[in-house]
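Numbering (full-length UniProt numbering), first residue to last: 1 to 88.
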Amino acid sequence: MNTLIRISMESGEAHREGPRPSLRGWRGWLNNDKTTMLVVLTLFAAALFQAEVSPPGGFWQDDDHGHVAGRPIMRDTNHRIYLLASTG
């Protein structure tokens, strides 16, 4: 068992202060923190990817009525809200 011993400079006496602090608890916390951060960043990246792949309002399915198939619907119907939603 590791104990911390302090020696007084004035009297030269040694005082036992109890168990030495361990870093084992900190290492476990740091590993857990890294894992949590990895999960959060993965979920964040997935949300950003989904937002880019599926824009608000969806896509036009056909070329009828002057629309171009594959373009975002909100881009043609409400451009300001589309820009706000897509740039975040």
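By construction, the Cβ of each residue, glycine as well, lies at the ideal position given by its N, Cα and C atoms. Given the structure is predicted, the values throughout are model-derived calculations rather than measurements.
Task: Bridge partner(s) assigned by DSSP for Pro72 - done: According to the DSSP secondary-structure assignment, Pro72 is paired through a beta bridge with Phe59.
Open item on the list: Less than 8 Å between the beta carbons of Phe59 and Ile81, yes or no?
Closed with: Contact flag unset, no.
- [ ] Run the CB neighbour count on residue 91, radius 10 Å, all protein chains shown included, and call it buried at 16 or more, exposed below.
- [x] As displayed, the chain neither begins before 1 nor continues past 88, which places residue 91 out of reach and without an answer.
- [ ] Rounded to whole angstroms, what's the CA-CA distance from Pro56 to Lys34? Just pull it up for me.
- [x] Rounded to whole angstroms, Pro56 to Lys34 spans 33 Å at the Cα level.
TODO: Please list, in chain order, all residues of the same chain as Arg71 whose beta carbon is under 6 Å from its beta carbon, the five residues on each side excluded.
DONE: Leaving aside the five residues that flank Arg71 on each side, the residues in its chain whose CB is nearer than 6 Å to its CB run, in chain order, Trp60.
Task: Separation of Gln50 from Phe44, as counted between CA atoms - done: C-alpha of Phe44 to C-alpha of Gln50: approximately 10 Å in a straight line.
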